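Trainee: Numbering (the working numbering), first residue to last: 4 to 111.
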């Protein structure tokens with residue numbers, strides 16, 4: 004029997020890479036949580052960061068170089084973006100909690 008190939012939306016790929024970069028967890032752990040292969044996550048990360056998804060050189064450690072210090076206006080913009088993202092995530096969480104309550108009350 005032929006195996007069907009799963010396709011992922013660009014949004015899912017971006018969110019998976021964002022999760023990997025923001026969580027600080029190993030790539031293998033994040034990939035396992037998402038149900039994908041670590042190599043796929045590595046390819047998406049390289050593609051989104053503008054690098055080629057090829058194999059690493061022997062001397063590469065996989066650690067990114069330290070980021071330069073951002074200006075105060077850049078930091079303020081980042082803080083505002085993160086606050087908007089946090090508000091949206093909280094709203095999504097609240098909606099999901101309400102949905103769980105509704106489905107839990109439904110008769111079988």
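C-beta: ideal position from N, C-alpha, C; glycine also. Being a predicted model, the structure only gives us computed values, none of them experimental.
1) Here's the rule I'm using: 16 or more other beta-carbon atoms within 10 Å means buried, otherwise exposed. How should residue 21 be labelled?
2) Between the Cα of residue 18 and the Cα atoms of 8, 33, 29, which residue gives the shortest distance?
3) Expressed to the nearest angstrom, what Euclidean distance is found between the alpha-carbon atoms of residue 95 and residue 5?
4) Along the alpha helix (DSSP H) that carries residue 98, what are the first and last residues, could you check?
Mentor: Reading from the atomic positions:
1) exposed
2) 33
3) 37 Å
4) 75-108
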